[in-house]
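Peer 1:
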């Protein structure tokens, strides 16, 4: 399956906020059902068990903030106080996320572009990004990956969809049976067509200057990219 260059409706800064809220709730549900949160939490747990600090995190392209909430809850279960700085460039999405999760202790939201993060070098233990990479064409994807590596002390963690026929069919069914709103019906299958393969993701990370990039496929839908 060739990678498709197209724009998702959710990427439009002028998208209707009410429609966007419905779409984001559907994406949040898919993260729970298809392991979007779990793949990131597993990587954080691996770092925690290795004795590496995971208390200061940045979530780039944070969307609805559902991952940040899941991470803070995970930290509490393990006795770790975690601070997650959520960064997104989409004004309407940032506004919705602040309203829904802005009162959660340890979760903060700021506007910013993943390609030029407003953060100092190695100022976070880990910089995360989920379901954001496929929104970027290769030059911009490399720019974002370079920034994630620059700001992370330990490793960036990048989780995204895997491009392929089976993921496409599964997401198409999901948007026809459960997340049936207009935005998800259009954007869900398109997201898979825009996603990178594991091999392509590794190549992007190497071009971005990652030291020892590794990719792990989780199930049939997701992959997670780390450095070392």
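Numbering (this note's numbering), first residue to last: 62 to 289. The C-beta atom is built at its ideal place from N, Cα and C for all residues, glycine as well.
(1) What are the residues that DSSP puts in a beta bridge with residue 250?
(2) Inspect the beta-carbon positions of residue 147 and residue 131 and report whether they are closer than 8 Å.
(3) If we call anything under 8 Å between Cβ atoms a contact, is residue 225 one with residue 236?
(4) Given a threshold of 16 other Cβ atoms within 10 Å of its Cβ, counted over all protein chains shown, does residue 177 qualify as buried or as exposed?
(5) Beta-carbon within less than 7 Å of residue 243's beta-carbon, same chain only, minus the 5 sequence neighbours each way: which residues are those?
(6) Contact check, residue 104 vs residue 252 under 8 Å by CB: the rounded distance?
(7) Cutting at 6 Å between CB atoms, please list the residues of its own chain near residue 95, excluding the five before and the five after it.
(8) For the beta strand (DSSP E) containing residue 191, list its first residue and its last residue.
(9) Taking the beta strand (DSSP E) that residue 284 falls in, what are its first and last residues?
(10) Which residues in the same chain have their Cβ closer than 6 Å to the Cβ of residue 284, if we skip the five residues on either side of it in sequence?
(11) When the Cα of residue 91 is compared with those of 192, 116 and 107, which residue comes out closest?
(12) Report the rounded CA-to-CA distance for residue 214 versus residue 287, giving the unit in angstroms.
Peer 2: Quick look at the numbers:
(1) Answer is none; residue 250 lacks a bridge partner.
(2) no
(3) no
(4) exposed
(5) 80
(6) That pair is no contact at about 21 Å.
(7) 282
(8) 187 to 191
(9) 283 to 288
(10) 223, 259, 276 and 278
(11) 192
(12) 12 Å
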